[in-house]
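**Student:** Residue numbers (the numbering used here): -4 to 436.
#1: Pick helix, strand or coil for residue 352, following the three-state DSSP scheme.
#2: Taking all protein chains shown into account, do 16 or more other C-beta atoms lie within 10 angstroms of the C-beta of residue 336, making it buried, or fewer, making it exposed?
#3: Does the beta-carbon distance from residue 217 to residue 22 come in below 8 Å?
#4: What did DSSP end up calling residue 240 once you bin it into helix, strand or coil?
#5: Quick check on this structure: which residue in 301, 62, 415, 313 has the alpha carbon closest to the alpha carbon of residue 346?
#6: Helix, strand or coil: how does DSSP classify residue 325 here?
#7: Answer with buried or exposed for residue 281, where buried requires no fewer than 16 other C-beta atoms within 10 angstroms of its C-beta.
#8: Alpha carbons only, please: which of 421, 418, 90, 125 is nearest the one belonging to residue 107?
#9: Could you check whether residue 311 and residue 263 sit closer than 8 Å to each other, using their CB atoms as the reference points?
#10: Going by C-alpha distance, which of 377, 275, 422, 433 is nearest residue 20?
#11: Report, in whole angstroms, the separation of the C-beta atoms of residue 423 and residue 242, which I expect to be a contact under 8 Å.
#12: To the nearest angstrom, report how far apart residue 343 and residue 245 are at their CA atoms.
#13: Would residue 99 pass as a contact of residue 54 if the rule is Cβ separation under 8 Å?
#14: Tell me the rounded alpha-carbon separation between residue 183 and residue 230.
#15: For residue 358, collect the residues of the same chain with a Cβ closer than 6 Å to its Cβ; drop the 5 residues on either side in sequence, then sort them by chain order.
#16: Regarding residue 212 and the ligand PLP, is the C-beta to nearest heavy atom distance less than 7 Å?
#17: Quick check on residue 417: does DSSP put it in helix, strand or coil?
#18: Pick helix, strand or coil for residue 186, following the three-state DSSP scheme.
#19: How is the beta strand (DSSP E) around residue 24 delimited, first residue to last?
#20: Grab the span of the beta strand (DSSP E) containing residue 73 for me, first residue to last.
#21: Quick one: what's residue 45 bridged to in DSSP?
#22: Kindly indicate which three-state DSSP category residue 50 falls into: helix, strand or coil?
#23: I believe residue 64 touches residue 74 by the beta-carbon criterion, under 8 Å. Please report the beta-carbon distance rounded to the nearest angstrom.
#24: Which residue spans inside the stretch 272 to 320 form an unbroken beta strand (DSSP E) run of at least 3?
#25: Below 7 Å CB to CB, which residues in the same chain sit around residue 384 once its five sequence neighbours on both sides are set aside?
#26: So is residue 32 buried or exposed if we call it buried at 16+ other beta carbons inside 10 Å?
#27: What residue from 332, 402, 238, 120 has the CA that sits closest to residue 78's CA?
#28: On the DSSP letters alone, give me the boundaries of the beta strand (DSSP E) that residue 35 sits inside.
#29: Tell me, please, which residues DSSP counts as bridged to residue 257.
#30: To the nearest whole angstrom, what separates the beta carbons of residue 261 and residue 323, a pair I think is in contact under 8 Å?
#31: Can you tell me whether DSSP reads residue 136 as helix, strand or coil?
#32: Give me the DSSP bridge partner(s) of residue 98.
#33: Give the C-beta separation of residue 432 and residue 248 to the nearest angstrom, bearing in mind that I take them to be a contact with Cβ-Cβ under 8 Å.
#34: Helix, strand or coil for residue 180, going by three-state DSSP, please let me know.
#35: On the DSSP bridge assignment, give the partners of residue 453 in chain order.
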């Protein structure tokens, strides 16, 4: 651990130097001739271009009666486009050494492209075709629908998946975030090729595009390629954002019975928005509580001292209209109640005492350097740039991040712990046959 801390500290000192990549993260803001804005980090050390992009509107805006259409549509964008069917499109990607894919989150339709710089014309042409001429062939739609239905059935048998879905349904009851992004059998059955085309037209709008690029490409060339791929998209009005979420004000425990020897438990509290002034204090607090892996309090108290679980962790989640602090663990049915009790006790201890000076310093060192450790490819850096844009951060944020973390004080952590770790807002979901866990309405 001492060597790990030294490594992380060294990376923290030179945060903008990315391991394995011979360049500093120098973010350039460009505007194409058609007015599309993008962020670029040039890297001539490897002959690769990586693109990360997204459009407003995700699965939370699925039209009524069509639950699952956005996620299904995202996958089908690369299942044939223009004159090429699904197989021909895949073969063309392979011959160009290009990787193109789309996904849907609750709030956005996202995509990524990775291609050898020598083949970038081909890669950006495939991107253009997927965005502007998707086929949505009926036979491929039926295959993907069947695969999604099978995945839904499998998820319904896995305690972890059931716990996660039940948590979202409980926390966001009556809100669009409660819906399963993969949809429902009824909603998926209603999807037709024409509805897919309509959904694509609603979301693929040039004026809602956020895009970042990293790799062996200059500003002028990137602008040309972006206008080529995205410039033909129309402008319009993106789907309206979901309503603001009203967090719970009373504790709730939900038990979903399953005939399994070990119960899976997830616990959630209202979290903190990414643009909140106390974000970095919350980041430090979460790291010490359960986000720091084997060095966290929850791991030490639940697993190391008592052997109640194989794993236990906590993490911050942010959405456009909500934020959560989520803790999760799994324990034998006879011991899960004790594990939950220990977690609540650690919440109370953090609330009353905050963190120690040593915990604060270790968390700062790790959090400052961990970002650099994660940036091990052009794709990961493009993803970081894209997420910074979505979060409304400025290009110079990376140069300020270390100082923002360093500025967190003991009192700041204790203050944010008292703000977030409130028993009266705790929602707990347990899936299994837990002994001693009583459901609370």
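By construction, the Cβ of each residue, glycine as well, lies at the ideal position given by its N, Cα and C atoms.
**Tutor:** In short:
#1: On the chain shown, residue 352 is found 357 positions in, with the first residue counted as 1. If DSSP states are grouped into helix, strand and coil, residue 352 belongs with the helices.
#2: By one-based count along the chain shown, residue 336 stands at place 341. The residue in question, residue 336, is exposed, as its Cβ has fewer than 16 Cβ neighbours within 10 Å.
#3: Within the chain shown, residue 217 is the residue found at index 222, counting from 1. Within the chain shown, residue 22 is the residue found at index 27, counting from 1. Cβ distance not < 8 Å, so residue 217 and residue 22 don't count as in contact.
#4: For the purposes of this step, residue 240 is taken as the residue at position 245 of the chain shown. DSSP places residue 240 in coil when its eight states are reduced to three.
#5: The sequence position of residue 346 within the chain shown is 351, counting from 1. Minimum Cα distance to residue 346 is reached at 415.
#6: Start at 1 with the first residue of the chain shown, and residue 325 comes out as number 330. Three-state result, residue 325: strand.
#7: Taking the chain shown and counting its residues from 1, one reaches residue 281 at position 286. Buried.
#8: Mapped onto the chain shown, residue 107 falls at position 112. Looking at the Cα atoms, 125 is the closest of the given residues.
#9: Locating residue 263 in the chain shown gives position 268, where the first residue counts as 1. Locating residue 311 in the chain shown gives position 316, where the first residue counts as 1. Not in contact: residue 263 and residue 311 (Cβ atoms no closer than 8 Å).
#10: For the purposes of this step, residue 20 is taken as the residue at position 25 of the chain shown. Ranking the options by Cα distance to residue 20, first place goes to 377.
#11: By one-based count along the chain shown, residue 423 stands at place 428. By one-based count along the chain shown, residue 242 stands at place 247. The C-beta separation of residue 423 from residue 242 comes to about 15 Å, leaving the pair out of contact by the 8 Å criterion.
#12: Residue numbering aside, residue 343 sits at position 348 when the chain shown is read from its first letter. Residue numbering aside, residue 245 sits at position 250 when the chain shown is read from its first letter. Across the structure, residue 343 and residue 245 are spaced so that their CA atoms are roughly 17 Å apart.
#13: Sequence index remark: in the chain shown, residue 99 carries index 104 (1-based). Sequence index remark: in the chain shown, residue 54 carries index 59 (1-based). Going by C-beta atoms, residue 99 is nearer than 8 Å to residue 54.
#14: In the chain shown, the residue the question calls residue 183 occupies position 188. In the chain shown, the residue the question calls residue 230 occupies position 235. Near 28 Å, if we compare the C-alpha coordinates of residue 230 and residue 183.
#15: In the chain shown, residue 358 corresponds to position 363, counting from 1. Cβ within range, chain order: 279, 282, 283.
#16: Because no ligand of any kind appears in the structure shown, any question about the ligand PLP cannot be addressed here.
#17: Position 422 of the chain shown holds residue 417. Per DSSP, reduced to three states, the secondary structure at residue 417 is coil, with no helix or strand assignment.
#18: In the chain shown, counting from the first residue as 1, residue 186 sits at position 191. Three-state result, residue 186: coil.
#19: Counted from its first residue, the chain shown places residue 24 at position 29. That run of the beta strand (DSSP E) goes 23 to 26.
#20: As a working note, residue 73 is residue 78 in the chain shown. Residue 73: not part of any beta strand (DSSP E); DSSP gives it neither H nor E.
#21: Here residue 45 corresponds to residue number 50 of the chain shown, with the count starting at 1. Its beta-bridge partners are 109, 209.
#22: For the purposes of this step, residue 50 is identified with residue 55 of the chain shown, where counting begins at 1. It is a strand residue.
#23: Your numbering for residue 64 matches position 69 in the chain shown. Your numbering for residue 74 matches position 79 in the chain shown. Their Cβ separation, rounded to whole angstroms, is 15 Å, which puts residue 64 and residue 74 out of contact at 8 Å.
#24: Correct list: 307 to 313.
#25: As a first step, residue 384 is located in the chain shown; it is residue number 389 there, counting from the start. Taken in chain order, the residues that qualify are 34, 205, 207.
#26: Taking the first residue of the chain shown as position 1, residue 32 is located at position 37. By the 10 Å Cβ count, residue 32 comes out exposed.
#27: In the chain shown, residue 78 corresponds to position 83, counting from 1. Closest option to residue 78, Cα to Cα, is 120.
#28: Here residue 35 refers to the residue found at position 40 of the chain shown. Residue 35 -> beta strand (DSSP E) spans 32 to 37.
#29: For the purposes of this step, residue 257 is taken as the residue at position 262 of the chain shown. Paired residue(s): 327.
#30: Within the chain shown, the letter at position 266 stands for residue 261. Within the chain shown, the letter at position 328 stands for residue 323. In this structure residue 261 touches residue 323 by the C-beta definition: roughly 5 Å separates them, less than 8 Å.
#31: On the chain shown, position 141 is the one that residue 136 refers to. Correct three-state label for residue 136: helix.
#32: By one-based count along the chain shown, residue 98 stands at place 103. Residue 98 is bridged to 105.
#33: If you number the chain shown from 1, residue 432 lands on position 437. If you number the chain shown from 1, residue 248 lands on position 253. In this structure, residue 432 and residue 248 form a Cβ contact; the two beta carbons are roughly 7 Å apart against a cut-off of 8 Å.
#34: Sequence index remark: in the chain shown, residue 180 carries index 185 (1-based). Correct three-state label for residue 180: helix.
#35: Here the chain covers residues -4 to 436 and nothing more, so residue 453 does not appear.
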